[in-house]
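A quick write-up on the structure given underneath.
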Amino acid sequence: DTAVSQTPKYLVTQMGNDKSIKCEQNLGHDTMYWYKQDSKKFLKIMFSYNNKELIINETVPNRFSPKSPDKAHLNLHINSLELGDSAVYFCASSQQTVTTEAFFGQGTRLTVV
Amino acid sequence: DAKTTQPNSMESNEEEPVHLPCNHSTISGTDYIHWYRQLPSQGPEYVIHGLTSNVNNRMASLAIAEDRKSSTLILHRATLRDAAVYYCILRRGSQGNLIFGKGTKLSVKP
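Residue numbers (the numbering used here), protein chains in the order written: chain A, 1 to 113; chain B, 1001 to 1110.
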């Protein structure tokens, strides 16, 4: 069983489109995250979310929005895609405590053409 | 978020020990030291974490300086599969977000 799963694994789309990436965790964790890894391999946190609070990295454009239908899912919606959005996006989950490990999905490679 | 400093890259020979250093001179009392690694084309994976005492698990050991301003991840016998980028991260207080730096790219030679 995959602990954190993301779909799709690859996504190629045109500029201006709206797309979503889905993330599900089966670990019973209370907190989920989205990270972006750009071409220089730098991993940057975009959002962290639990059932109480959404914390947004202030550098993330408001075209990006996380949506959580339930505790096990945190989907990433991206409106009006731009070339610079091309990257690998990772979903992760953990308990909201510093003493436990986080689990990451395998990533979604988004290419905007 | 407290900052960590790691060498950009290191090399090791297969089956030899590897010591990956990390400096975190601005660490606070509530910061846990976490290590993650990212294998090529994969998501990051947890390696080990600690607060003050040295820690061992099946993957690695973590040696933490007495003043907590530095730590060292020890891979006892490097394998080719250990080639990855290793990230040293301070995970703080109530929020606990993982903020990644640039990490150390470890190459393992046969």
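Don't be surprised by glycine CBs; every beta carbon is placed ideally from N, CA and C.
Using a cut-off of 9 angstroms between C-beta atoms, extract the partners of residue i located in chain A.
| i | result |
| --- | --- |
| B:Q1006 | Within chain A, no residue comes near B:Q1006; the closest Cβ sits about 13 angstroms away, beyond 9 angstroms. |
| B:L1075 | Those do not exist, as B:L1075 stays about 18 angstroms from chain A at its closest Cβ, beyond 9 angstroms. |
List, in order along the chain, the chain B residues whose C-beta lies closer than 7 angstroms to that of residue i?
| i | result |
| --- | --- |
| A:Q106 | Q1042 and G1043 |
| A:S48 | N1097 |
| A:I78 | Within 7 angstroms Cβ-Cβ: nothing; A:I78 doesn't reach chain B, min ~19 angstroms. |
Pull up the CB-CB distance for residue i and residue j, whole angstroms please, since I reckon it's below 8 angstroms.
| i | j | result |
| --- | --- | --- |
| B:S1053 | B:I1074 | In fact, because the Cβ distance is near 14 angstroms, the residues do not count as touching under 8 angstroms. |
| A:A102 | A:Q25 | The pair is not a contact, with the Cβ atoms about 10 angstroms apart (cut-off 8 angstroms). |
| B:S1012 | B:L1106 | 7 angstroms |
| A:F47 | A:I55 | 7 angstroms |
Are the CB atoms of residue j and residue i within a distance shorter than 8 angstroms?
| i | j | result |
| --- | --- | --- |
| B:M1010 | B:T1072 | no |
| B:C1088 | B:I1033 | yes |
| A:K19 | A:Q106 | no |
| A:V113 | A:Q14 | yes |
| A:I115 | A:Y89 | In the structure as shown, chain A starts at 1 and stops at 113, and residue 115 of chain A therefore has no counterpart that could be examined. |
| A:Q95 | A:T7 | no |
| B:P1044 | A:F104 | yes |
| A:L131 | A:L110 | A question about residue 131 of chain A goes unanswered here, because the residues of chain A that appear run from 1 up to 113. |
Can you give me the start and stop residues for the beta strand (DSSP E) that residue i sits inside?
| i | result |
| --- | --- |
| B:R1091 | A1084 to R1092 |
| B:I1099 | From DSSP, B:I1099 is part of no beta strand (DSSP E); its letter is neither H nor E. |
| B:Q1006 | Per DSSP, B:Q1006 belongs to no beta strand (DSSP E) and is neither H nor E. |
| B:A1063 | S1061 to I1064 |
In the structure shown, what three-state DSSP assignment does residue i receive?
| i | result |
| --- | --- |
| B:G1043 | coil |
| A:L74 | coil |
| A:L83 | helix |
| B:R1077 | coil |
| A:A102 | coil |
| A:L27 | coil |
| A:M15 | coil |
| A:Q37 | strand |
If the cut is a Cβ gap below 7 angstroms, which residues of chain A does residue i touch?
| i | result |
| --- | --- |
| B:Y1046 | E101 and A102 |
Taking Cβ-Cβ distances shorter than 8 angstroms, what residues in chain A pair up with residue i?
| i | result |
| --- | --- |
| B:K1102 | F42 |
Along chain B, in chain order, which residues have C-beta atoms closer than 8 angstroms to that of residue i?
| i | result |
| --- | --- |
| A:F90 | G1043 and P1044 |
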